[in-house]
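Counting in this note's numbering, the sequence shown tops out at residue 1065, every number present. No residue lacks a Cβ here, since even glycine has one placed at the ideal position from N, Cα and C. Predicted model, so just to flag it, every value in this text is computed and none were measured.
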Amino acid sequence: NLVSHGQSPSKKYIMKKLRYYARYIVVCLLLNKMDLVKVLVKELSEEIEDYTQRFNTEYQLEWNLVLQEVAAFVEADPVVVLNNENTVVVISNRLQEGGMSPLEQGMVVGQLTLADALIIGNCNNQVKFSELTIDMFRILQALEREPVNLATTTSKYGTLEPSEKPAKRENPHKYLLYKPTLSQLFTFLSASFKELPVNSVLLVYLSATGVFPTGCLDYEGTTAFCKHTHN
């Protein structure tokens, strides 16, 4: 610790610290640790303020933008649900044990397995932090299984002890691409297909800004798709 030895931390050291905070926040978002994200954002804000006061840096606007992005991301994510007693109910977007839709008639359990998912965000204006948009985050959570806590049993001494560890539950492997080029998209798509196990499927999720042809109006006067014919 430089401060404990009476030395002032260098500009390079503090910059590394800020980048570490930003990466740690991304990890916590992926793990859905929103309470920890809020704590880290507060600490990051204090570190940025200290950084700019020490060095009057030209990177102040850039780091303030980072703060604005993560604050908007955290604000856009939560959905507060109240029960009949007006108590907040924590809702998880992850897959729950026993919460799957029943199979259609004729389908066999385990016939196909979701092995990979290609999640692509390509919207022009959307809440995001780093290269993770809010819809990419929600799809990512929807493809994760809710962790199963270890069941506990009471020992002869009256203390709680974990019971036998449950079997490991595999989540699909996910590729996250933010505004990729066409060649990058095909590279990841082909790599995923090449490594796809037998009886497995690949999910492709793509969100993008729609393009509407000019001069095409429906009967209500709003923009609509239209068919062009050529002679």
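{"query": "Can you give the beta carbon distance from K867 to I953, rounded, assuming they're within the 8 Å contact cut?", "result": "The Cβ separation is near 20 Å, so there is no contact."}
{"query": "Just how far apart, CA to CA, sit V1045 and N958?", "result": "11 Å"}
{"query": "Answer yes or no: do N956 and E978 have a C-beta to C-beta separation smaller than 7 Å?", "result": "no"}
{"query": "Counting along the chain, where does the alpha helix (DSSP H) carrying L864 start and finish?", "result": "K845 to L864"}
{"query": "Roughly how many angstroms separate the alpha carbons of L1037 and I882, rounded to a whole number?", "result": "39 Å"}
{"query": "I need the DSSP call for S964, collapsed to helix, strand or coil.", "result": "coil"}
{"query": "By the three-class DSSP mapping on this structure, what secondary structure does N898 have?", "result": "helix"}
{"query": "Taking the beta carbon of K962 as the centre, do at least 16 other beta carbons fall within 10 Å, making it buried, or is it exposed?", "result": "buried"}
{"query": "For A1042, count neighbouring C-beta atoms within 10 Å of its own C-beta (all shown protein chains included) and say buried if the count is 16 or more, exposed if not.", "result": "exposed"}
{"query": "With a threshold of 7 Å on Cβ separation, who are the neighbours of L948 within its own chain once the five nearest residues in sequence on each side are excluded?", "result": "P1006, V1035 and L1037"}
{"query": "May I ask you to report which of helix, strand or coil DSSP gives L1011?", "result": "strand"}
{"query": "State the start and end residues of the unbroken beta strand (DSSP E) segment that holds Y1039.", "result": "S1034 to A1042"}
{"query": "Which whole runs of the beta strand (DSSP E) in the segment 870-895 are 3 residues long or more, in chain order?", "result": "none"}
{"query": "With C-beta atoms as the reference, is I973 less than 7 Å away from Y893?", "result": "no"}
{"query": "Do N1033 and L829 count as a contact pair if the criterion is CB distance below 7 Å?", "result": "With the chain covering only 835 through 1065, there is no way to say anything about residue 829."}
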